[in-house]
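Here's the structure, in structure tokens; my notes come after.
Residue numbers (the working numbering): 40 to 138.
Quick look at the structure:
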């Protein structure tokens, strides 16, 4: 079972540290909800929190560093105490596109 090294509240504060635009905050919250739904729907209810946080933080670098999307994220996430497993999960949505 995957577990987060940070809480959902810590993840939300980290998101807001690098994202101020209401659109980006709403987008992150929407993706968090979708990821939680899919976790439950696909039989990973015990990992719902993990996948929700992955969704919440998936675009953490996009507002400030759109040209380095998914490349700058690991640095920002590490400063927030996010573990390597979760960083990999977060950045994987950009592989082949921006990484």
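Every residue gets a Cβ at the ideal spot worked out from N, C-alpha and C, and that includes glycine. Small disclaimer: the values here were computed from a predicted structure and weren't measured.
Looking only at its own chain, which residues have a Cβ that is under 8 Å from the Cβ of residue 138, when we skip the five neighbours before and after it? As a working mapping, residue 138 is identified with position 99 in the chain shown. Reliability of the predicted coordinates at residue 138 is poor, the pLDDT of 48 falling under 50, and no value is obtained from them.
What is the DSSP secondary structure of residue 127, reduced to helix, strand or coil? For the purposes of this step, residue 127 is taken as residue 88 along the chain shown, with counting starting at 1. Residue 127 falls in the helix class under three-state DSSP.
Whole angstroms are fine: how far does the CA of residue 75 sit from the CA of residue 123? One-based indexing of the chain shown puts residue 123 at position 84. One-based indexing of the chain shown puts residue 75 at position 36. The alpha-carbon separation between residue 123 and residue 75 amounts to approximately 20 Å.
What number of angstroms, rounded off, separates the C-alpha of residue 72 from the C-alpha of residue 92? Locating residue 72 in the chain shown gives position 33, where the first residue counts as 1. Locating residue 92 in the chain shown gives position 53, where the first residue counts as 1. Rounded to the nearest angstrom, the gap between the Cα atoms of residue 72 and residue 92 is 9 Å.
Just reading off the alpha helix (DSSP H) that residue 113 is part of, what are its end residues? Here residue 113 corresponds to residue number 74 of the chain shown, with the count starting at 1. Residues 112-118.
Is residue 70 near residue 97, with beta carbons less than 8 Å apart? Residue numbering aside, residue 70 sits at position 31 when the chain shown is read from its first letter. Residue numbering aside, residue 97 sits at position 58 when the chain shown is read from its first letter. At the C-beta level, residue 70 and residue 97 come within 8 Å of one another.
Grouping DSSP H, G and I as helix and E and B as strand, with all else coil, what is residue 66? Start at 1 with the first residue of the chain shown, and residue 66 comes out as number 27. Residue 66 falls in the helix class under three-state DSSP.
Cβ neighbours of residue 116 in the same chain (closer than 6 Å, five flanking residues each side left out): The count along the chain shown starts at 1 and reaches residue 116 at position 77. Counting only Cβ-Cβ distances below 6 Å, and skipping sequence neighbours, we find 126.
Just to confirm, is the Cβ distance from residue 84 to residue 100 under 8 Å? Within the chain shown, numbered from 1, the residue matching residue 84 stands at position 45. Within the chain shown, numbered from 1, the residue matching residue 100 stands at position 61. No, these two residues do not count as a Cβ contact at 8 Å.
So, is residue 81 buried or exposed, given that buried needs 16 or more other C-beta atoms within 10 angstroms? Locating residue 81 in the chain shown gives position 42, where the first residue counts as 1. Exposed is the call here.
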